[in-house]
Every structure is written in structure tokens, then in C-alpha cells.
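To get the working numbering, take the position in the sequence shown, counting from 1, and add 945.
Idealized CB from N, CA, C, for every residue including glycine.
Keep in mind that this is a model prediction, so the values were computed, not measured.
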Amino acid sequence: MPPGGLVAARFRHYEARSGMPLFHDHVLLSVKGQRLDGKWGSVHFEVVLENTVAASALYNEIVAAEVCEELGLATEPRVVSTGRRPVMDIAGAPHELIRWTASRGEQIDACLADLEYEYVTAVDDEGELKHWSAVSERARVELMQLAPHKTRPPKQKKARSLAQLRAEWKQSAIDT
């Protein structure tokens, strides 16, 4: 290996907590790296944390490109939320099939709406409104971080083989 490397371990998962297909990897990165002079030292981890989203996006693009090349497929952008970066989907995948695998976003949106309503209608012990009648940007950011946690399903208790998962997904997709 040439100098200037990192040590990482990858754990591949094929499903979301809901049991729906969600091909993704978790990567554990060592706090030690090899410098260009060949010596090993501590990684400046604040820099890693500041670039986590960009590194994740790049990694996802590389994996998607490799999968598409292997299977003879292509990707296309799909806007999920106005003003936010589009997500990449398999080109030509029916919208119904995408919705079949992406119901979590709808759950989070519904929870966020509920949290925002609770926020603007919350009263103190004297019956006075605790907050303004509109959700501030700061409060919205906090609520947007809370909604995914409130709607997160528990982990599956029983592991299933990839073959079992694929058979279940195939039948569910056909039913959809």
C-alpha cells in the first residue's frame, strides 16, 4: 500500500429496520492514518467530522456507479424535497416501487407536522402559550432532528439470510 492511507472496516447491510430493502454500508474509520512520509499518526478527526456528509455522498456515488455498471443500469436524480439536493434512483424504476421502499420519509414528515403543531400549541402551567405562533428556524431544525428518532422502528430481532430477504421483497414488490 502506498503511504498516505487509512484503515477502515466496512459492514454491509441490505435492509432498513423496517425490513424494507436498503442497501447500505457502515464504515468504521481508524483514528490512525499513514502520513505521506510513511509514518503512522493520529488523524485530525475534526476534519473528518466536518467532511462526513461529503465523504458519505462520494462513497454512495461510487457504490451506485459500480452496482449500475455490474447490472447494466443507470441512475437519475429525483427531487424529494424542494431546495434540497436530489437523491439518485435507478433510472426507469416505477414511482410506485420507489414509494414502496421509501415510506419512512412520509412517516417522518407526518411526525414533523405533529411536532410543529405541538410546539405552536404548547402552554405553560398558567395556560399561556410557551412559544410564538410560528415555528422558528432554530426550533424547526431541532424538531427535524427529533422526528426521525421518534419514528425509528426497533431493530429486527431475528436475522434473515439475503436469499430470504430477496424472496420476501420480490413478493412484496409484485404485490405492490
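Self-check item: Close Cβ partners of Tyr1004 (< 8 Å) along its chain, the five nearest in sequence each way excluded
Solution: Sequence-distant partners of Tyr1004 (beyond 5 residues in either direction) whose C-beta falls short of 8 Å from its own C-beta, in its chain, are Asp970 and Val972.
Quiz item: Ordered along the chain, which non-local residues of its own chain (more than five positions away) have a Cβ less than 8 Å from that of Leu1060?
Solution: Result list for Leu1060: Leu1088, Leu1091, Ala1092 and Lys1095, in chain order.
Quiz item: Taking the beta strand (DSSP E) that Thr1020 falls in, what are its first and last residues?
Solution: Thr1020 to Arg1023
Exercise. Quick one: using the 10 Å Cβ neighbour count with 16 as the cut-off for buried, is Leu1057 buried or exposed?
Key: buried
Quiz item: With distances taken between CB atoms, is the gap from Val1080 to Leu1074 smaller than 8 Å?
Solution: no
Quiz item: Quick one, are the C-beta atoms of Gly1129 and Leu951 less than 8 Å apart?
Solution: In the structure as shown, the chain starts at 946 and stops at 1121, and residue 1129 therefore has no counterpart that could be examined.
Quiz item: Do you know offhand how far Asp982's Cα is from Val976's?
Solution: 18 Å
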